[in-house]
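Just below is one structure, and these are the notes that go with it.
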Amino acid sequence: MSGTDSLRAAMLSLAFLLVLLGIWHVGTLPKEQAASANDEYAKLMGKGAVKTTGFPTPAQMGETARKHLTDPFYDKGPNDKGIGIQLAHSLGRVGAGFLLAALLAIPLGFVIGMSPLVYRALDPFIQVLKPISPLAWMPLALYTIKDSSVSGVFVIFICSVWPMLINTAFGVAAVRRDWLNVAKTLEVRPLRKALQVILPAAAPTIMTGMRISMGIAWLVIVAAEMLVGGTGIGYFVWNEWNNLSLTNVIFAILVIGLVGMLLDLMFGRLQKLVTYVE
Amino acid sequence: MSIYGCICGRHHDPAEHEAGDEPQGGGSEAVSGRVIESSLLRSLVPQDGTRRRFIRAVGVNAAMAAIASVLPVGAMQALAQEKRPLEKRDLKIGFIPITCATPLIMADPLGFYKNEGLNVTLNKTAGWALIRDKMLNKEHDASHFLSPMPLAISMGAGSVAQPMRVATIQNINGQAITLHVKHKDKRDPKQWKGFKFAVPFDYSMHNFLLRYYVAEHGLDPDRDIQIRVVPPPEMVANLRAGNLDGYLGPDPFNQRAVYDEIGFIHMLSKELWDGHPCCAFGVSEEFIKQNPNTFIALYRAVLSAARMAREPKNRPLIAKVISPANYLNQPETVVEQVLTGKFADGLGNVRNVPERADFDPFQWHSMAVWIMTQMKRWGYIKGDVNYRQIAEKVFLATDAKKRMAELDMKSPASSYARIKVMGKEFDPAQPEKYLAGFAIRKAA
Chain B
1 MSGTDSLRAA MLSLAFLLVL LGIWHVGTLP KEQAASANDE YAKLMGKGAV KTTGFPTPAQ
61 MGETARKHLT DPFYDKGPND KGIGIQLAHS LGRVGAGFLL AALLAIPLGF VIGMSPLVYR
121 ALDPFIQVLK PISPLAWMPL ALYTIKDSSV SGVFVIFICS VWPMLINTAF GVAAVRRDWL
181 NVAKTLEVRP LRKALQVILP AAAPTIMTGM RISMGIAWLV IVAAEMLVGG TGIGYFVWNE
241 WNNLSLTNVI FAILVIGLVG MLLDLMFGRL QKLVTYVE
Chain P
1001 MSIYGCICGR HHDPAEHEAG DEPQGGGSEA VSGRVIESSL LRSLVPQDGT RRRFIRAVGV
1061 NAAMAAIASV LPVGAMQALA QEKRPLEKRD LKIGFIPITC ATPLIMADPL GFYKNEGLNV
1121 TLNKTAGWAL IRDKMLNKEH DASHFLSPMP LAISMGAGSV AQPMRVATIQ NINGQAITLH
1181 VKHKDKRDPK QWKGFKFAVP FDYSMHNFLL RYYVAEHGLD PDRDIQIRVV PPPEMVANLR
1241 AGNLDGYLGP DPFNQRAVYD EIGFIHMLSK ELWDGHPCCA FGVSEEFIKQ NPNTFIALYR
1301 AVLSAARMAR EPKNRPLIAK VISPANYLNQ PETVVEQVLT GKFADGLGNV RNVPERADFD
1361 PFQWHSMAVW IMTQMKRWGY IKGDVNYRQI AEKVFLATDA KKRMAELDMK SPASSYARIK
1421 VMGKEFDPAQ PEKYLAGFAI RKAA
């Protein structure tokens, strides 16, 4: 795309954003409240005071965002921490679960991809386990692991293992016969063959699997934390939902979206690094 | 009781426990009264500057006298002097963000735990099932419970059986039936056929009271209405979304529905059974055995908090300290309306019911027996139930009497009393007869 084209696209994006904000602003203009005859009743109902509930105006939204972003690391006790600390907890859980999943899925994927026998033997298990919603594992995890935080990591593990496993197996199985034959002719040892022929050849597919896994993991962590509570961005959403504070919930949604996008971009970059032209 | 030996684990046999003598051992910590005074002052006025100015203005003695008029400083000092070495200082306590847990929540910001030398982390928990699991997993040392839960867990109903104990009741009354505003003209339960109601948990007073209430009006709670389990914090959102027609839920969520103009308060739970228990403060039997001194310290902290919470004049202050995001995360006025009993009912009236919520810590065995009759009535437990034995094992009334005496609090002579629910008398000595008197119950 040429320079002017991308400039036009950016302008159009901005226009969309402005229209959206405009509709939002008009839609949330404060309504005239009927004056109540009973002052005391009105006061108890919080009339006149700024309520946390209701759909926020863009200005209120901006103010909330500013408040959270200028002080992201405050810690007012175990149940009230800044958005930065909550994000760190969530990312920590996702990182741990994802890493564990990669450590299992990639070697196992290699084995499955290289041996049609193992592939056929394990296939029924994978097919049954893959479509299970990761959150359905939660009660079982809590019962057996006996630790809610580790259960959260387990849920991330179980949801991110399948795309990596399947993609690795597929990538390894699809390495071009010619390259393997060349390796065979040159009498390359199995380990060297795996690391220097198969791995680079399958790397783009594996990386795609990892990217999908990370996307799913980030989707699931929010739900898992809403279920288990304690810390994390999901807990933040839940806690603000208790207070029916839509402003904070919307802010959290935006942050979740942004972080998810950054994670995806990161894996996108990595994917480009390992891609090759045949 | 005898199969378990002594209930608190510190005596060789139950007789010695009943006699109430404390086992010897361990030098008592010398804590000067000054430390208590200053830490009290610090917890009441946390801002350094303000506190210093306050003391400078009125003098230490005047300041302490002012505080002593509100809090039993003398009794607290006496207690601190007989402190024994604590087995465990860092404790994790789980709670659900509702006003039922007021004593155990306020004990944190007001420094009652610290006064006992305890370093308590209060963990907000997402629902009652998780409260149960985190207690069974030992992630929490002690927990806010619904008062039927320790009975159910001890009996293995809806759970793996593990001996749980009720150290104190947290609150009495303080619940309400809230209906969606669209049902303003349907105040007669007979019009509720097909309604969707929420309660916080199967094993809750809310569930048993709601079932009792609709059954008294001729509806079968298992057929004529739908009762769903919804975590209290999610009730208001579900009511707004039209997922629910109403709920018998804990406050502040009844008042919150009014505040947000989604619901109205149909009836306070006090009007069903005045003085009914709701939530409890519980620990596992194992914890009491392993950490007897810590348990007593914790016990005293929660009891002292309950005593402060019973005084109506302290309620606005309590509402202030438990409303922030770390605890209830609610507008202060909502919590204050619940605790003071002066509230908007959602129908345009201001009602004044000072006993809307109260915090009587004593665990009547008769309450436990009533709860079990209802568990049996609705099929949560089956077969013969040894009501008395279970009630006395789980509800630690003997301990409560002792600890309350230490704090100059009055406790009743007998732990059984007649109860009146919707005008119908319950005699705890004859649970089966009571049970047989209900026309609507789940077929055995």
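Residue numbers (our numbering), protein chains in the order written: chain B, 1 to 278; chain P, 1001 to 1444. From the three backbone atoms N, C-alpha and C, an ideal C-beta is built for every residue, glycine too.
Query raised in the report: Is the stretch 211 to 220 of chain B touching the stretch 13 to 31 of chain B in the sense that three or more CB pairs, one from each, lie closer than 8 angstroms?
Result: A contact between stretches requires three or more CB pairs, one per stretch, nearer than 8 angstroms, and the stretch 13 to 31 of chain B fails this requirement with the stretch 211 to 220 of chain B.
Report task. Enumerate in chain order the residues of its own chain whose CB-to-CB distance from Leu100 of chain B is below 6 angstroms, with the five nearest sequence positions on each side excluded. Result -> The residue you call residue 100 of chain B lines up with position 100 of the first sequence. Close CB contacts of Leu100 of chain B within its chain, under the 6 angstroms cut and outside five residues either way in sequence, are with Phe157 (chain order).
Requested in this report: Decide yes or no for the touch test of the stretch 1357 to 1366 of chain P against the stretch 1090 to 1106 of chain P: beta carbon pairs closer than 8 angstroms, at least 3 of them.
Outcome: Touching, yes, given that three or more Cβ pairs across the two stretches are closer than 8 angstroms.
Query raised in the report: Anyone know if the C-beta pair for Phe1253 of chain P and Ile1131 of chain P falls short of 9 angstroms?
Result: Taking the first residue of the second sequence as position 1, residue 1253 of chain P is located at position 253. Taking the first residue of the second sequence as position 1, residue 1131 of chain P is located at position 131. Taking the C-beta atoms as reference points, Ile1131 of chain P is found no nearer than 9 angstroms to Phe1253 of chain P.
Query - Collapsed DSSP secondary structure at Pro957 of chain P in the structure displayed - result: Only positions 1001 to 1444 of chain P appear in the structure, and residue 957 of chain P is not among them; the question remains open.
Query - Contact check, Val1421 of chain P vs Leu1272 of chain P, beta carbons under 9 angstroms - result: Sequence index remark: in the second sequence, residue 1421 of chain P carries index 421 (1-based). Sequence index remark: in the second sequence, residue 1272 of chain P carries index 272 (1-based). In contact: Val1421 of chain P and Leu1272 of chain P (Cβ atoms closer than 9 angstroms).
Query raised in the report: Alpha carbon to alpha carbon, how far is Lys1313 of chain P from Ser1323 of chain P?
Result: As a position in the second sequence, residue 1313 of chain P is number 313, starting the count at 1. As a position in the second sequence, residue 1323 of chain P is number 323, starting the count at 1. Computed Cα separation, rounded: 17 angstroms.
Query raised in the report: Who are the Cβ neighbours of Gly1218 of chain P in its own chain at under 7 angstroms, not counting the five residues just before and after it?
Result: Against the second sequence, residue 1218 of chain P aligns to sequence position 218. Excluding its 5 nearest sequence neighbours in each direction, Gly1218 of chain P has C-beta neighbours in its own chain below 7 angstroms: Lys1190, listed in chain order.
Query - Residue burial classification, Lys1410 of chain P (beta-carbon count within 10 angstroms, cutoff 16) - result: For the purposes of this step, residue 1410 of chain P is identified with residue 410 of the second sequence, where counting begins at 1. Lys1410 of chain P is exposed by the Cβ-count criterion.
**Report entry** Same chain only: Cβ atoms within 6 angstroms of Val1353 of chain P, ignoring 5 sequence neighbours per side
**Finding:** Working through the second sequence from its first residue, we reach residue 1353 of chain P at position 353. Here the set comprises Gly1341.
**Report entry** Beta-carbon proximity of Ala252 of chain B to Ile221 of chain B, cut-off 9 angstroms
**Finding:** Position 252 of the first sequence, counting from 1, holds the residue named residue 252 of chain B. Position 221 of the first sequence, counting from 1, holds the residue named residue 221 of chain B. At the C-beta level, Ala252 of chain B and Ile221 of chain B stay beyond 9 angstroms of one another.
**Report entry** Where Asn1119 of chain P falls, given that 16 or more other Cβ within 10 Å makes a residue buried
**Finding:** Numbered from 1 along the second sequence, position 119 holds the residue referred to as residue 1119 of chain P. So Asn1119 of chain P counts as exposed.
Query - Neighbour flag for Val118 of chain B against chain P, beta carbons, 9 angstroms - result: Within the first sequence, residue 118 of chain B is the residue found at index 118, counting from 1. Taking 9 angstroms as the threshold, the shortest C-beta distance from Val118 of chain B to chain P does not fall below it.
Query raised in the report: Thinking C-alpha only, which one of B:Arg93, B:Gly230 and B:Leu91 is nearest Asn1326 of chain P?
Result: One-based indexing of the second sequence puts residue 1326 of chain P at position 326. Of the residues B:Arg93, B:Gly230 and B:Leu91, the one whose Cα lies closest to the Cα of Asn1326 of chain P is B:Gly230.
**Report entry** Of the listed residues P:Thr1333, P:Ser1284 and P:Pro1148, nearest to Asn1207 of chain P (C-alpha basis)
**Finding:** Here residue 1207 of chain P corresponds to residue number 207 of the second sequence, with the count starting at 1. If we check each option's Cα against that of Asn1207 of chain P, P:Pro1148 comes out closest.
**Report entry** Interface positions of the stretch 123 to 154 of chain B facing chain P (Cβ-Cβ less than 9 angstroms), listed along the chain
**Finding:** Within the stretch 123 to 154 of chain B, the qualifying residues are Pro139, Leu142, Tyr143, Ile145, Lys146, Asp147, Ser148 and Ser149.
Query raised in the report: Looking at Met61 of chain B and the ligand ZN, is the gap between the Cβ and the nearest heavy atom below 8 angstroms?
Result: Looking for the ligand ZN in the displayed structure turns up nothing, as the structure carries no ligands at all.
Query raised in the report: If contact means a Cβ-Cβ distance below 9 angstroms, which residues of the stretch 1114 to 1127 of chain P contact chain B?
Result: Here the close residues are Thr1121, Leu1122, Asn1123, Lys1124, Thr1125, Ala1126 and Gly1127.
Query raised in the report: Taking DSSP as the reference, what is the three-state secondary structure of Asn1446 of chain P?
Result: Given that chain P is displayed from residue 1001 to residue 1444, the structure contains no residue 1446 of chain P and the question cannot be resolved.
Query raised in the report: So, is Ala1391 of chain P buried or exposed, given that buried needs 16 or more other C-beta atoms within 10 angstroms?
Result: In the second sequence, the residue the question calls residue 1391 of chain P occupies position 391. The residue is buried, with at least 16 neighbouring Cβ atoms inside 10 Å.
Query - Asp1345 of chain P versus Ile1265 of chain P - alpha carbon distance - result: If you number the second sequence from 1, residue 1345 of chain P lands on position 345. If you number the second sequence from 1, residue 1265 of chain P lands on position 265. A direct Cα-to-Cα measurement between Asp1345 of chain P and Ile1265 of chain P gives close to 5 angstroms.
Report task. Could you tell me whether the Cβ of Lys67 of chain B comes closer than 9 angstroms to any Cβ of chain P? Result -> Start at 1 with the first residue of the first sequence, and residue 67 of chain B comes out as number 67. Output row for Lys67 of chain B: interface = no.
Query raised in the report: With 9 angstroms set as the bound, which would you pick, yes or no: does the beta-carbon of Pro1412 of chain P sit closer than that to a beta-carbon of chain B?
Result: Looking up residue 1412 of chain P in the second sequence gives position 412. For Pro1412 of chain P, no Cβ of chain B is located within less than 9 angstroms of the residue's own Cβ.
Query raised in the report: Are the beta-carbon atoms belonging to Arg1165 of chain P and Leu1328 of chain P less than 9 angstroms from one another?
Result: Locating residue 1165 of chain P in the second sequence gives position 165, counting from the first residue. Locating residue 1328 of chain P in the second sequence gives position 328, counting from the first residue. In this structure, Leu1328 of chain P does not lie closer than 9 angstroms to Arg1165 of chain P by Cβ.
Query raised in the report: Is the Cβ of Glu1139 of chain P closer than 9 angstroms to any Cβ of chain B?
Result: Looking up residue 1139 of chain P in the second sequence gives position 139. Interface criterion met: the Cβ of Glu1139 of chain P is under 9 angstroms from a Cβ in chain B.
Query raised in the report: Does the separation of the CB atoms of Ala1161 of chain P and Ile1381 of chain P fall below 9 angstroms?
Result: For the purposes of this step, residue 1161 of chain P is taken as residue 161 along the second sequence, with counting starting at 1. For the purposes of this step, residue 1381 of chain P is taken as residue 381 along the second sequence, with counting starting at 1. No, the Cβ-Cβ distance between Ala1161 of chain P and Ile1381 of chain P is not below 9 angstroms.
Requested in this report: In angstroms with no decimal places, state the Cα-to-Cα distance between Tyr1259 of chain P and Asn1238 of chain P.
Outcome: On the second sequence, position 259 is the one that residue 1259 of chain P refers to. On the second sequence, position 238 is the one that residue 1238 of chain P refers to. Rounded to the nearest angstrom, the two C-alpha atoms are 15 angstroms apart.
Report task. Going by CA-CA distance only, name the one from B:Pro107, B:Pro56 and B:Gly22 that's closest to Ile198 of chain B. Result -> Locating residue 198 of chain B in the first sequence gives position 198, where the first residue counts as 1. Closest by alpha carbon: B:Pro107.
Query raised in the report: Taking any Cβ of chain A, which residues in the stretch 1336 to 1357 of chain P have a Cβ under 8 angstroms from it, in chain order?
Result: The chain inventory of the structure shown lacks chain A, comprising the protein chains B and P.
Query raised in the report: In its own chain, which residues sit with a C-beta less than 8 angstroms from the C-beta of Ile126 of chain B, not counting the 5 before and 5 after it?
Result: Position 126 of the first sequence, counted from the start, is the residue given in the question as residue 126 of chain B. Trp162, Leu165 and Ile166.
Query raised in the report: Ordered along the chain, which non-local residues of its own chain (more than five positions away) have a Cβ less than 7 angstroms from that of Phe110 of chain B?
Result: Taking the first residue of the first sequence as 1, we reach residue 110 of chain B at position 110. For Phe110 of chain B, where only same-chain residues beyond five positions count, the Cβ hits under 7 angstroms are Thr168, Val172 and Ala194.
Query raised in the report: Counting Cβ pairs, one atom from each stretch, are 3 or more of them under 8 angstroms apart for the stretch 1171 to 1178 of chain P and the stretch 1271 to 1285 of chain P?
Result: Flag = yes, the stretch 1171 to 1178 of chain P and the stretch 1271 to 1285 of chain P touch.
Query - Inter-residue CB distance, Gly1246 of chain P and Phe1287 of chain P (contact presumed, cutoff 8 angstroms) - result: If you number the second sequence from 1, residue 1246 of chain P lands on position 246. If you number the second sequence from 1, residue 1287 of chain P lands on position 287. Not really, about 38 angstroms apart at Cβ, beyond 8 angstroms.
Query - Residues from the stretch 63 to 96 of chain B in contact with chain P, defined by Cβ distance under 7 angstroms - result: Result list: Lys76, Gly77, Pro78, Asn79 and Asp80.
Query - For Glu40 of chain B, the first and last residue of its enclosing alpha helix (DSSP H) - result: Here the question's residue 40 of chain B lines up with position 40 in the first sequence. For Glu40 of chain B, the uninterrupted alpha helix (DSSP H) run begins and ends at Asp39 to Leu44, by DSSP.
Requested in this report: Answer with yes or no whether the minimum CB distance from Val1230 of chain P to chain B is below 9 angstroms.
Outcome: On the second sequence, residue 1230 of chain P is found 230 positions in, with the first residue counted as 1. No - not a single Cβ of chain B is within 9 angstroms of the one on Val1230 of chain P.
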